[in-house]
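There are 2 protein chains.
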Amino acid sequence: MNDVRTILLHRSVYADNDLEADALREYLKSKGTFVVNLMSSPGAGKTTTLTKLINYLKDKLRIGVMEADIDSDVDAISIAKNTGVKSIQLHTNGMCHLDAGMTKAGLDALDISDLDLVFLENVGNLVCPAEFDTGASLDIMILSIPEGDDKPLKYPLVFQKSDLVIINKIDALPYFNFDLEKCKERIKYRNKNATIIPISAKLGQGIEEVGDYFINKIKCWKE
Amino acid sequence: MNDVRTILLHRSVYADNDLEADALREYLKSKGTFVVNLMSSPGAGKTTTLTKLINYLKDKLRIGVMEADIDSDVDAISIAKNTGVKSIQLHTNGMCHLDAGMTKAGLDALDISDLDLVFLENVGNLVCPAEFDTGASLDIMILSIPEGDDKPLKYPLVFQKSDLVIINKIDALPYFNFDLEKCKERIKYRNKNATIIPISAKLGQGIEEVGDYFINKIKCWKE
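Those protein sequences? They're chains E and U, same order as listed. Residue numbers are given in the numbering used here: position 135 of the first sequence equals residue 135, and the series is strictly consecutive. Remember, the numbering used here sits 1000 above the position in the second sequence when you count from 1.
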């Protein structure tokens, strides 16, 4: 169970992360591997959501996972154990984000030659990951009910950059003072093109809708 | 209600933040103002906890609050409205943390000449704020139940640096898979000297214990 590899990443030597990110996107296109950069606060439910999502998608697509954290390998082990897909742990050497060079190093270690879809679970943080283009094909985020409906007001950039905003833990709505409609308005104020899908990863609610969103995105990306 | 001032901060011009932080601590000692640096993930309940705590402490101590965020002034307005104490909003100019120079600029704007205790609500983030000494007299953090009991494994530094770890939202324990004893062990593994106080800010549980902790800390600091 504990046979998940851990890769220690170092800051990219390239000065221009944006150029490197664009080059990585071109490379991924040529390889036919779609990479999703998943951002959220610590504890918003990234790993639980990925586990449910991968179990829905794994008969339709060949999937890999890269779990980035400052320390520990609990997430990569959990994904490997609960989904059976190829998974590696990335350690960011204390840094609060991944850049394109670090993402490329992770993809090389994972080996994407037999993969259609790779999820990159970024460091749990609403600030820094949004500031660095990882070179992923798509940026998405999870906001969870206990965090509060005011987060689009406080962390503008991550909402602006996310094509999909998953609102997780809707099963906890009765226990928290969270106005779902107001939150959706605030997300749209930051990013009018964002797709918003409320889910409960714990109960499996909304997982198929998120899965079908990715199937459609990959189909369009390949055409 | 909307008359809270917002201060835009810039990165410190000083090269050595640690020196500047030590100098700020000396300055605060000479002024008799105890500054608490409060760190947590987004949505862990910093503002709600501060509101309850200040209402418990405000007859005993003269209190001020600095709310740091990337954007918005909802927290400073909320604190001013719900506690009546002096409160200002700090904007970090996109940065994910505060350093000692930024903290000093905020304290100057707040005016601490008539204050015994200032709470600095740092940017919601478990990574960057822990990496920069703000010059505060005490570092504390809030972890909340919905974030999960594995956070001390993933974010070592913020737990190592925090003298007090408040575990908030214990009223939500029945709805989440959170092992309180295991979490306490993991906190102690990172920082054996940490004080740990479980609370429910929403229900007011544990607020007096946290308040008395500060009263005692300030008393010892003055001696």
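Where is the CB? At the ideal position from N, CA and C, for every residue including glycine.
Out of the options, point me to the one whose CA is closest to residue i's CA.
i, options, result
"E/Ile207", "E/Gly148, E/Tyr189, E/Thr48", "E/Thr48"
"U/Leu1173", "U/Ser1200, U/Lys1081, U/Met1066, U/Leu1050", "U/Ser1200"
"U/Glu1185", "U/Phe1176, U/Ile1112, U/Ile1167", "U/Ile1167"
"E/Ala68", "E/Leu120, E/Glu26, E/Val4, E/Tyr213", "E/Leu120"
"E/Asp73", "E/Ile215, E/Lys60, E/Ile88", "E/Ile88"
"U/Ser1137", "U/Thr1051, U/Gly1032, U/Ile1077", "U/Gly1032"
"U/Leu1107", "U/Ile1007, U/Trp1221, U/Ile1218, U/Cys1220", "U/Ile1007"
"U/Asn1177", "E/Leu203, E/Ile77, E/Lys217, E/Leu19", "E/Leu203"
"U/Leu1050", "U/Glu1181, U/Asp1018, U/Lys1086", "U/Lys1086"
"U/Lys976", "U/Glu1147, U/Val1035, U/Met1039, U/Tyr1155", "This structure cannot speak to residue 976 of chain U, because chain U is shown only from 1001 to 1223."
"U/Met1039", "U/Asn1122, U/Ile1077, U/Gln1205", "U/Asn1122"
"U/Lys1219", "U/Pro1198, U/Leu1061, U/Ser1078", "U/Leu1061"
"E/Ile224", "E/Lys52, E/Arg5, E/Met102, E/Val35", "Past the boundaries of the shown model lies residue 224 of chain E; chain E is included only from 1 to 223, so the question cannot be answered."
Helix, strand or coil: how does DSSP classify residue i here?
i, result
"U/Lys1081", "helix"
"E/Glu121", "strand"
"E/Phe159", "helix"
"U/Pro1198", "strand"
"U/Asp1075", "helix"
"E/Met95", "coil"
"E/Asn191", "coil"
"U/Asn1002", "Its pLDDT being 43, under 50, U/Asn1002 is placed unreliably in this model, and the value from its coordinates should be taken loosely. Residue state, collapsed to three classes: coil."
"U/Lys1086", "strand"
"U/Ile1070", "coil"
"E/Asp139", "strand"
"U/Ser1030", "helix"
"U/Gly1106", "helix"
"E/Val127", "coil"
"U/Gly1211", "helix"
"U/Leu1115", "coil"
"U/Gly1148", "coil"
"U/Gly1101", "helix"
"U/Leu1153", "helix"
"U/Leu1233", "Limits of chain U in this structure are 1001 at one end and 1223 at the other, which puts residue 1233 of chain U out of reach."
"E/Asp61", "Strictly speaking, residue 61 of chain E in this sequence is Leu, with Asp absent from that position. E/Leu61 falls in the coil class under three-state DSSP."
"U/Leu1249", "Examination of residue 1249 of chain U is not possible in this model, given that chain U is present from 1001 through 1223 alone."
"E/Leu8", "strand"
"U/Asp1179", "coil"
"U/Leu1038", "strand"
"U/Leu1164", "strand"
For residue i, collect the residues of the same chain with a Cβ closer than 6 Å to its Cβ; drop the 5 residues on either side in sequence, then sort them by chain order.
i, result
"E/Leu24", "Ala100, Lys104, Gly135"
"E/Ser30", "none"
"E/Asp179", "Asp149"
"E/Cys183", "Asp149"
Is the separation between the beta-carbon of residue i and that of residue j shorter than 8 Å?
i, j, result
"E/Gly43", "E/Gly124", "yes"
"E/His97", "E/Pro129", "yes"
"E/Lys46", "E/Ile142", "yes"
"E/Asp171", "E/Asp18", "no"
"U/Thr1083", "U/Asn1037", "no"
"U/Leu1157", "U/Glu1131", "yes"
State the Cα-Cα distance for the pair residue i and residue j, rounded to the nearest angstrom.
i, j, result
"E/Val127", "E/Asp139", "14 Å"
"U/Ser1162", "U/Met1066", "19 Å"
"U/Asp1190", "E/Ala21", "The sequence shown places Arg at residue 1190 of chain U, rather than the Asp named in the question. The alpha-carbon atoms of U/Arg1190 and E/Ala21 are separated by roughly 35 Å."
"U/Asp1114", "U/Asp1059", "14 Å"
"E/Ile196", "U/Glu1223", "55 Å"
"E/Tyr27", "E/Ile145", "37 Å"
"U/Pro1079", "E/Lys154", "Here residue 1079 of chain U is Ile; the residue named in the question, Pro, does not match the sequence. If I take the Cα positions, the gap works out to 16 Å."
"E/Glu181", "E/Gln205", "18 Å"
"E/Trp221", "E/Val35", "11 Å"
"E/Leu225", "U/Tyr1175", "Missing from the structure shown is residue 225 of chain E; chain E here goes from 1 to 223 and no further."
"E/Ser41", "E/Asp75", "15 Å"
"U/Met1102", "E/Asp16", "28 Å"
"U/Lys1192", "E/Lys192", "47 Å"
In chain order, what residues of the same chain have a beta carbon less than 8 Å from the beta carbon of residue i, not counting five sequence neighbours either side?
i, result
"U/Leu1057", "Ile1063, Leu1117, Gly1211, Phe1214, Ile1215"
"U/Gly1094", "Ile1070"
Counting only C-beta atoms, is residue i closer than 8 Å to chain C at any point?
i, result
"U/Val1165", "In the structure shown, chain C cannot be found, because the protein chains are E and U."
Between which residues of its own chain and residue i is the CB-CB distance below 7 Å, once the five residues before and five after are set aside?
i, result
"E/Ile187", "Pro152, Phe159, Val165, Ala194, Ile196"
"E/Ile112", "Lys31, Thr33, Gly64, Val118"
"E/Pro198", "Ile167, Ile170, Leu180, Gly206"
"E/Glu209", "Ile197"
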